[in-house]
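The next block holds one structure in the form of C-alpha cells; read it before the comments.
4 protein chains.
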Amino acid sequence: MVSTSRLEAFSDGVLAIAITLLVIEIHAPEVGRGETLAHALWQQWPSYVAYLVSFLTIGVIWLNHHRVFTQVIGVDGPLLVLNLNVLLWTGLIPFPTAVVAQHLRDGGEPARTAAALYCGVLLVMGLAFGALFAWVTHTDRLLGRLPPPGVVRAARRRFMLGLVVYAAALALSWVSAPLAVALCGLMALYYAFDQASVPAEPEPRDQQST
Amino acid sequence: MVSTSRLEAFSDGVLAIAITLLVIEIHAPEVGRGETLAHALWQQWPSYVAYLVSFLTIGVIWLNHHRVFTQVIGVDGPLLVLNLNVLLWTGLIPFPTAVVAQHLRDGGEPARTAAALYCGVLLVMGLAFGALFAWVTHTDRLLGRLPPPGVVRAARRRFMLGLVVYAAALALSWVSAPLAVALCGLMALYYAFDQASVPAEPEPRDQQST
Amino acid sequence: MVSTSRLEAFSDGVLAIAITLLVIEIHAPEVGRGETLAHALWQQWPSYVAYLVSFLTIGVIWLNHHRVFTQVIGVDGPLLVLNLNVLLWTGLIPFPTAVVAQHLRDGGEPARTAAALYCGVLLVMGLAFGALFAWVTHTDRLLGRLPPPGVVRAARRRFMLGLVVYAAALALSWVSAPLAVALCGLMALYYAFDQASVPAEPEPRDQQST
Amino acid sequence: MVSTSRLEAFSDGVLAIAITLLVIEIHAPEVGRGETLAHALWQQWPSYVAYLVSFLTIGVIWLNHHRVFTQVIGVDGPLLVLNLNVLLWTGLIPFPTAVVAQHLRDGGEPARTAAALYCGVLLVMGLAFGALFAWVTHTDRLLGRLPPPGVVRAARRRFMLGLVVYAAALALSWVSAPLAVALCGLMALYYAFDQASVPAEPEPRDQQST
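Chains as they are written, first to last, in the working numbering: chain A, 23 to 232; chain B, 23 to 232; chain C, 23 to 232; chain D, 23 to 232.
Right, here's the structure in full:
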C-alpha cells in the first residue's frame, strides 16, 4: 500500500527537520547590566551540550533507520504504525533538549528532573525503534532475504546495549545530571563510529536503485 | 503540467514539517518559587496530549494522502487547488494545538473554545480532504483505472465517518473539552489501525516505481 | 554541474518549509482578565488573513517555479544565483506576514507601513522571479525546446500583470492597508485558478521521468 | 551501506531547513510610544544583514556540498561521520545569526563578541567541510574517477582561501564588527559567482541519473 521509498522519504523529512529544529532552542542570550555578551554566551553552555548530544542522537537514529530500511522490500500496516511511533518519540527530542538546556545549570531537583526526562525520552525512543526492528526481522516477509542469524543477533545485541545504557543514564540522572547527559552523548558517539566501521556489504535493493 | 511525483514530494514536505513543528509548541516550563520542575512539567499535560493527538492526526493525513495519490496518474488544475486547500488546513493544525495546550487546563470558556477551535479545524480539514477525494474519484480521468465501486464506496464511508466524528467532537467540546480532544485522538487511532489492516493490494503505479 | 532534479528538490524543500513556517507566526493568544478566549481569538483576525494570503502566495510561487523547471533541461551558473535570489525573497515572506499580523489592526502608520512592507517584499520577489524567467527563456540553451513565442509572450504578460498588481498594492497600502493585503490575496487566487485552467500539454522531460 | 542518494537527500533536507529557519530570527518589532513602525523596522537592520549573509552562506554550502557529491559514488563510514559534522555546524548557523542580529547595533564588547562568534562558527564549518573534502579526494575509492590533480588542487586552494578569509574576519571582528560580518558576506558572494562561472562539465553519475 505504501511504498518503502515514500515511507523513507517521509521519515527522512521528519528526521531532517527534527535535527535542524534543535538550533532554535539555543536562544540569543539576554545580557544583564555590567555583564559581557561573552559571559552570557558562556553561561549558556548547557544549550550547546544539549544541541550536540541531541544532534548526534538524531543523526544516529537516521543512520540506523536508513540501515534497516535499505533491506526492507515491503511495508505492511503494523510497520507503518511502528514507524510513526519511532517518529513520534524522535520528533519529541527537541522538547527535553530545551528542558536540559534551561535547567542543567540550576543543579538540584531541576537538573536531575531535566536529565531524567531527557534520558527517559531517549529510552522510550529506543524501545520504539527496537519494536520496529523486531517486527521487521521476525519473518522474511518484509525483507528481501533474512540476513544471516548471526547478523540479526549482533544487531539485536547493539539495540539491547543502547536500551541498557539509556536506562543506566536514567538512573544516573539522580546522582549527577551532567554525567547522565554525557552518557547519552557517549552512546551516540559509539553508535556513530560503530556504524562508521561497518564494511559496505552489497545489498540487494541498494544496488538496483543506485 | 505538474507531475504527480512533484505534487506528492511537495505535499510530503509540508506534512513532514507540520508534524515536526508540533514539538515547538511544547515549551520548557518556567518553574515558580518553591515549585519543582517535575511538578511544572506535570502541569503541562495538555501540551503532551495535544502533541500526541495532532501527531497521530497528521500522520494519518499523510497515510491517507499517500494512499489516494498512489492511484492517481494525472494532475489537473482543480486537483492542484484542492490539494493546496488540504495543505492549508493541515499546515494550520499546530495553531489550534498550541491553543489547546495552553487553555485546556483552564476549564470553563477558554477550554471549551480551545477544544471547539481544535475540532473545528480538523472538521474543515476533513471536508477539504473529502473534496479532493471526491474530485479524484468522480471520473477515471485522473486514475489509472477506477477502483471497483465497492472500494470507492467503502472509502467514502470512512471519510463520512471521520466528518461525523469530528462534528460530534465539535459539539462535545461544549460539554467536555478534554473528551472532545480525546475523541479526535480516538479517531486518528482508529484510522491508523484501519490503514494498518488493509491488505497490500497490487497497485499499478507502485509496482512500476519500486 | 548541478542537475535540475537536485535544484528542484532543494527549492521544493525551501518552499515547503517557508509555507509551513507561516503557522508559527499565529500565536496562541493571551487572554486578558474578563475577556473570553473566543474574543481574544477573534481579535487576531489579521493573523489568519495574513496566513491565508501568504500560504496562497507561496503555493503559487511553488506552482510557477515547478512549471518553469519542468521545461528546463540544464542549469548554468547564473540560473543557480537567480534561483537562490528567488528563494531568498520567498523565504523572507514569513517576516512581513508576522508584521502584518501584528500591526494591521493598529490602523494609522503601523498598519500602512506593515502593508507596504508586505507588498514591497512580494514585489521584489516578483522581480526576482521575473529575472529567473527572463534568463531561462532568453535562449533555448536551458530549455529542451523553446516554447512557441506566443506561449512565452503570454507567460511574460502574466508576470508583468503580477508586478503591476503588486506595485498597485504597494501604492494602495498608503490609502488602506487591509485593501492592499486583500489585493495581494486576490492576485494569488487569480494565479492559482489561472494555473488550474492551463490544459495539461505533453512535456518532454516530464514524460521521461514519470 | 548508505547510498549517496539518501545521504544527499538527508543533507539537502537539513540545509534547506537551516536556510529557511533563518527567517524566524527576524522578529516583528515592538513599537515604542511615539515611535513609528517604519523607524522600528529600520532599527532592525542588523537582522536583515545577518539574514542575507547567512542565507548566501548556507546557499553556497549547499552548492559546494552538491558539487562534491555529484562526483562521489560510494559512502564509507568516516564520510558519514564527517558529513554529519558539516551538518552539525551548518545547522548551528541560525544561532550566531540571531546573536549578530541582536547585538551588532550595540557596539562595543557585545558587537565584537557577536561578530567573533559568527565568524568563528563559519570558520569551524569551513574546517569541517575541508575535512570532508580531504577525505573524499584522498583516494579514488569514493570517486568514480579522481578528477585531474590540477582540478583537485584548484578546489583545495578555494577551500584554503575560505578558511583564510574566515580567520581574517574573526580577527577583524575585534576592530570592526560590521566589517567582519560584511567580509563573510563578500566571501559568500565570491563563492556564489565563482560557482556560477564554472562551465558545466559532463559528469559520470549525473548523466546516468538525469
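Cβ coordinates follow ideal geometry from the N, Cα and C atoms, glycine included.
1) How long is the line joining the alpha carbons of residue 73(B) and residue 119(B), rounded to whole angstroms?
2) Quick one: measure Cβ to Cβ for residue 78(D) and residue 211(D), integer angstroms, because I've assumed they're closer than 8 Å.
3) Please tell me whether residue 124(A) has its Cβ less than 8 Å away from any Cβ of chain G.
4) Flag this pair as yes or no: are the beta carbons of residue 87(C) and residue 28(B) separated by less than 8 Å?
5) Drop a sphere of 10 angstroms on the beta-carbon of residue 125(B), count the other beta-carbons inside from all chains shown, and report buried for 16 or more, exposed for fewer.
6) When you compare the CB of residue 225(B) with every CB in chain C, is at least one pair closer than 8 Å?
7) Using a Cβ-Cβ cutoff of less than 6 Å, which residues in the same chain neighbour residue 108(B) once the five nearest sequence positions on both sides are dropped?
8) Given that a residue counts as buried once 16 or more other Cβ atoms are within 10 Å of its Cβ, and exposed if not, what is residue 116(B)?
9) I'd like to know if residue 136(D) contacts chain A, where contact means its C-beta is closer than 8 Å to some C-beta of that chain.
10) On the CB-based measure, 16 or more other CB atoms within 10 Å of its CB, does residue 37(B) come out buried or exposed?
11) Hey, does residue 40(D) have any beta-carbon neighbour from chain A nearer than 8 Å?
12) From which residue to which residue does the alpha helix (DSSP H) around residue 84(C) run?
13) Just reading off the alpha helix (DSSP H) that residue 51(A) is part of, what are its end residues?
14) Helix, strand or coil: which one does DSSP assign to residue 94(D)?
15) Classify residue 132(B) as buried or exposed, calling it buried when 16 or more other Cβ atoms lie within 10 Å of its own Cβ.
16) First and last residue of the alpha helix (DSSP H) that includes residue 39(A)?
17) Give a yes or no on whether the C-beta atoms belonging to residue 41(A) and residue 80(A) are separated by under 8 Å.
18) For chain C, find out if any of its Cβ atoms is closer than 8 Å to the Cβ of residue 155(B); answer yes or no.
19) For the candidate residues 139(D), 147(D), 194(D), whose alpha-carbon lies nearest to that of residue 51(A)?
20) 8 Å is my cut-off, CB to CB: does residue 131(B) come that close to chain C?
21) Go ahead and label residue 231(A) buried or exposed: buried means 16 or more other beta carbons lie within 10 angstroms of its beta carbon, across all protein chains shown.
22) Mind checking residue 291(B): buried by the 16 CB within 10 Å criterion, or exposed?
23) In whole angstroms, what separates the C-alpha of residue 180(A) from that of residue 186(A)?
24) Going by DSSP, name the residue or residues bridged to residue 165(A).
25) Alpha carbon to alpha carbon, how far is residue 141(C) from residue 191(C)? Give it in angstroms, no decimals.
26) Buried or exposed, going by whether 16 or more other CB atoms sit within 10 Å of the CB of residue 32(B)?
27) Helix, strand or coil for residue 115(C), going by three-state DSSP, please let me know.
28) How is residue 125(C) classed by DSSP in three states: helix, strand or coil?
29) In or out: residue 68(B) buried (at least 16 other Cβ within 10 Å) or exposed?
30) I'd like the span of the alpha helix (DSSP H) that includes residue 157(A), first residue to last.
31) Note down the Cα distance separating residue 94(C) from residue 35(A), rounded to an integer number of angstroms.
32) Mapping the DSSP letters down to three states, classify residue 197(C) as helix, strand or coil.
33) Closest to residue 182(A) by C-alpha separation, out of 55(A), 147(A), 111(A), 85(A), would be which residue?
Concretely, from the data shown:
1) Within the second sequence, numbered from 1, the residue matching residue 73(B) stands at position 51. Within the second sequence, numbered from 1, the residue matching residue 119(B) stands at position 97. Cα-Cα distance, rounded: 7 Å.
2) Within the fourth sequence, residue 78(D) is the residue found at index 56, counting from 1. Within the fourth sequence, residue 211(D) is the residue found at index 189, counting from 1. Correct: roughly 6 Å between the Cβ atoms.
3) No chain G appears in this structure, whose protein chains are A, B, C and D.
4) For the purposes of this step, residue 87(C) is taken as residue 65 along the third sequence, with counting starting at 1. For the purposes of this step, residue 28(B) is taken as residue 6 along the second sequence, with counting starting at 1. No, the Cβ-Cβ distance between residue 87(C) and residue 28(B) is not below 8 Å.
5) Stepping through the second sequence from its first residue, residue 125(B) is reached at position 103. Residue 125(B) counts as buried, since no fewer than 16 other beta carbons sit within 10 angstroms of its beta carbon.
6) Along the second sequence, read from residue 1 onward, the residue named residue 225(B) stands at position 203. For residue 225(B), the pLDDT reaches just 40, beneath the cut-off of 50, and the residue's location in the model is therefore unreliable, although a value from the coordinates is still provided. Not closer than 8 Å to any Cβ of chain C, the Cβ of residue 225(B) fails to qualify, so no.
7) Looking up residue 108(B) in the second sequence gives position 86. Contacts found: 150, 151, 154.
8) Counting from 1 along the second sequence, the entry for residue 116(B) is found at position 94. By the 10 Å Cβ count, residue 116(B) comes out buried.
9) As a position in the fourth sequence, residue 136(D) is number 114, starting the count at 1. So yes, residue 136(D) belongs to the interface.
10) Taking the first residue of the second sequence as position 1, residue 37(B) is located at position 15. By the neighbour-count rule (16 or more Cβ atoms within 10 Å), residue 37(B) is buried.
11) Here residue 40(D) refers to the residue found at position 18 when the fourth sequence is read from its first residue. Cβ-Cβ to chain A under 8 Å: yes for residue 40(D).
12) Within the third sequence, the letter at position 62 stands for residue 84(C). Run containing residue 84(C): 67-91, per the alpha helix (DSSP H) assignment.
13) As a working mapping, residue 51(A) is identified with position 29 in the first sequence. Unbroken run through residue 51(A): none, as it is neither H nor E.
14) What you label residue 94(D) is simply residue 72 of the fourth sequence in a count that begins at 1. Residue 94(D): strand per DSSP, three-state reduction.
15) For the purposes of this step, residue 132(B) is identified with residue 110 of the second sequence, where counting begins at 1. Counting Cβ neighbours within 10 Å, residue 132(B) comes out buried, since at least 16 surround it.
16) Position 17 of the first sequence, counted from the first residue, corresponds to residue 39(A). From DSSP, the alpha helix (DSSP H) with residue 39(A) extends over 26-43.
17) Position 19 of the first sequence, counted from the start, is the residue given in the question as residue 41(A). Position 58 of the first sequence, counted from the start, is the residue given in the question as residue 80(A). With contacts defined by Cβ atoms closer than 8 Å, residue 41(A) and residue 80(A) form a contacting pair.
18) Position 133 of the second sequence, counted from the start, is the residue given in the question as residue 155(B). Closer than 8 Å: no.
19) In the first sequence, counting from the first residue as 1, residue 51(A) sits at position 29. Ranking the options by Cα distance to residue 51(A), first place goes to 139(D).
20) Within the second sequence, the letter at position 109 stands for residue 131(B). Closer than 8 Å to some Cβ of chain C, the Cβ of residue 131(B) qualifies, so yes.
21) Taking the first residue of the first sequence as position 1, residue 231(A) is located at position 209. For residue 231(A), the predicted structure reports a pLDDT of 39, less than 50, and the residue's modelled location is therefore unreliable. A value from the coordinates is still provided. The residue is exposed, with fewer than 16 neighbouring Cβ atoms inside 10 Å.
22) In the structure as shown, chain B starts at 23 and stops at 232, and residue 291(B) therefore has no counterpart that could be examined.
23) Looking up residue 180(A) in the first sequence gives position 158. Looking up residue 186(A) in the first sequence gives position 164. When rounded, the distance between both Cα atoms is 10 Å.
24) Locating residue 165(A) in the first sequence gives position 143, counting from the first residue. For residue 165(A), which the question treats as bridged, DSSP gives the partners 94(A).
25) Counting from one through the third sequence, the residue named residue 191(C) turns up at place 169. Counting from one through the third sequence, the residue named residue 141(C) turns up at place 119. If I take the Cα positions, the gap works out to 6 Å.
26) In the second sequence, the residue the question calls residue 32(B) occupies position 10. Counting Cβ neighbours within 10 Å, residue 32(B) comes out buried, since at least 16 surround it.
27) Locating residue 115(C) in the third sequence gives position 93, where the first residue counts as 1. Three-state result, residue 115(C): coil.
28) Locating residue 125(C) in the third sequence gives position 103, counting from the first residue. Correct three-state label for residue 125(C): helix.
29) Against the second sequence, residue 68(B) aligns to sequence position 46. Flag for residue 68(B) reads buried.
30) The residue labelled residue 157(A) in the question sits at position 135 within the first sequence. Where residue 157(A) is concerned, the enclosing alpha helix (DSSP H) stretches over 130-159.
31) Here residue 94(C) refers to the residue found at position 72 of the third sequence. Here residue 35(A) refers to the residue found at position 13 of the first sequence. In a straight line, the C-alpha of residue 94(C) is about 26 Å away from that of residue 35(A).
32) For the purposes of this step, residue 197(C) is taken as residue 175 along the third sequence, with counting starting at 1. Three-state DSSP puts residue 197(C) in coil, outside helix and strand.
33) Counting from one through the first sequence, the residue named residue 182(A) turns up at place 160. Comparing Cα-Cα distances from residue 182(A) to each of 55(A), 147(A), 111(A), 85(A), the minimum goes to 147(A).
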